[in-house]
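Enquirer:
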Amino acid sequence: MDFGKFIDEIGGEEYREAVLSCPVEEKLLDLFYCDFTAFEKAGREKDDSALFFLSAYTRLAYNAMSEGLRRGIPESVLIATFADITTWEKWYRRKRGKAGLDRIGWLRNHLSFRIFRLGELQFEITNQTWNGFELYMVHVPEGAVLDKAEDSFSASLSFFRKDEAAFAIESWLLSPEINSFLPQSSSIRRFSSLFTLCRTEESRQAEERIFGFIAEDPAQYVASTSLAEKVKSYLLAGGRIENGYGVLVRPIR
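Those letters in the sequence shown? Residues 1 to 253, per full-length UniProt numbering, in order.
Right, here's the structure in full:
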């Protein structure tokens with residue numbers, strides 16, 4: 001697979017030409033692994049740092065394909081994992097109106113084989129345990145079909161070669177406030193109910209995900225869904241929405 005085809009495979013047709021027109025020196029790509037601080041500094045000094053990071057990360061992902069295959073990771077899993085570059089490029093484009101990337105700390109995990117997308121969900125290796133179980137962090141990418149979450153947990157056990165494991169998540173999807181606004185039939189409520197809620201923490205992640213940005217004044221938010229309307233009204237009344245932290249063990253005996 002050549003580089004242009006790879007960009008298409010991860011859904012990057014819209015930014016392919018921008019990346020191809022922005023070559024990145026090999027010595028800078030090498031810095032990503034041996035001195036990330038220097039790599040980031042060099043990128044920040046570019047005239048268009050967001051385009052530099054988009055081009056660099058896309059090229060690093062392409063280069064990582066061969067190492068991933070050597071490790072026995074299926075090509076489909078690698079493509080699905082690296083497609084998160086496109087997810088965050090779209091996020092940047094919606095904000096800035098041009099091709100670019102700014103979630104370089106987050107996407108560093110994908111290029112270092114610490115996060116994998118398996119079905120609808122992403123799973124992060126933590127090298128930690130919970131009550132004796134190997135612990136994996138769960139992340140929900142934009143557009144994930146939550147009703148297929150169980151399939152992803154099954155796929156992760158197979159991928160990581162585990163009979164059982166613990167899965168932790170910290171997300172606005174587990175927010176007690178958010179779930180109180182939703183009907184029992186909501187896919188968010190069903191997904192949230194899979195986890196045992198351990199604690200809540202102050203966060204504005206829900207606002208960013210629901211409205212696309214974080215505003216100082218909630219009156220600035222445009223409510224385009226019934227959930228958004230309820231959240232906006234709640235915030236205008238002085239309410240605050242917390243993230244929930246939950247744990248799930250699979251399979252359940």
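Don't be surprised by glycine CBs; every beta carbon is placed ideally from N, CA and C.
1. Going by DSSP, what residue range makes up the alpha helix (DSSP H) through G246?
2. So, at 7 angstroms on beta carbons, what are the nonlocal neighbours of V140 in its own chain, with the 5 sequence-adjacent residues on each side left out?
3. Give the range of the beta strand (DSSP E) segment to which F116 is assigned.
4. Is it right to say I206 is buried, meaning 16 or more other beta carbons lie within 10 angstroms of its own, or is it exposed?
5. Give the range of the beta strand (DSSP E) segment to which C198 is assigned.
6. Is it true that the segment 7-19 meets the segment 81-100, where meeting means three or more beta-carbon pairs spaced less than 8 angstroms apart?
7. Determine, using beta carbons only, whether E242 and S175 come nearer to each other than 8 angstroms.
8. Might you give, ordered along the chain, the residues of its own chain that have their beta carbon closer than 6 angstroms to the beta carbon of L28, omitting 5 neighbours on each side?
9. What span of residues does the beta strand (DSSP E) with N127 cover, start to end?
10. What is the rounded straight-line gap between the Cα of G238 and the Cα of R71?
11. Could you work out which residue in P183, L194, Y33 is closest to A56 when comparing CA atoms only?
12. What is the rounded straight-line gap between the Cα of T225 and the Cα of S66?
13. Within a Cβ cutoff of 7 angstroms, which residues of the same chain sit near R204, ignoring the five residues on either side of it in sequence?
Expert: In this structure, then:
1. As a working note, residue 246 is residue 246 in the sequence shown. That residue, G246, is in no alpha helix (DSSP H); its beta strand (DSSP E) goes 242-250.
2. Taking the sequence shown and counting its residues from 1, one reaches residue 140 at position 140. Hits under 7 angstroms: L121, S171, L173.
3. The residue given as residue 116 occupies position 116 in the sequence shown. It spans 115-118 - the beta strand (DSSP E) in which F116 sits, taken as one unbroken run.
4. Taking the first residue of the sequence shown as 1, we reach residue 206 at position 206. Checking the displayed sequence, the identity of residue 206 turns out to be Ala instead of Ile. Buried.
5. Your numbering for residue 198 matches position 198 in the sequence shown. Residues 196-202.
6. yes
7. As a first step, residue 242 is located in the sequence shown; it is residue number 242 there, counting from the start. As a first step, residue 175 is located in the sequence shown; it is residue number 175 there, counting from the start. Yes, the pair counts as a contact, with Cβ atoms nearer than the cut-off.
8. On the sequence shown, position 28 is the one that residue 28 refers to. Cβ within range, chain order: A42.
9. Translated into the one-based positions of the sequence shown, residue 127 becomes position 127. Residues 121-130.
10. On the sequence shown, residue 238 is found 238 positions in, with the first residue counted as 1. On the sequence shown, residue 71 is found 71 positions in, with the first residue counted as 1. Rounded to whole angstroms, G238 to R71 spans 51 angstroms at the Cα level.
11. Taking the first residue of the sequence shown as position 1, residue 56 is located at position 56. Checked all of P183, L194, Y33; the closest Cα to A56 is Y33.
12. Here the question's residue 225 lines up with position 225 in the sequence shown. Here the question's residue 66 lines up with position 66 in the sequence shown. In a straight line, the C-alpha of T225 is about 43 angstroms away from that of S66.
13. Translated into the one-based positions of the sequence shown, residue 204 becomes position 204. Cβ neighbours of R204 beyond the five flanking positions: I214.
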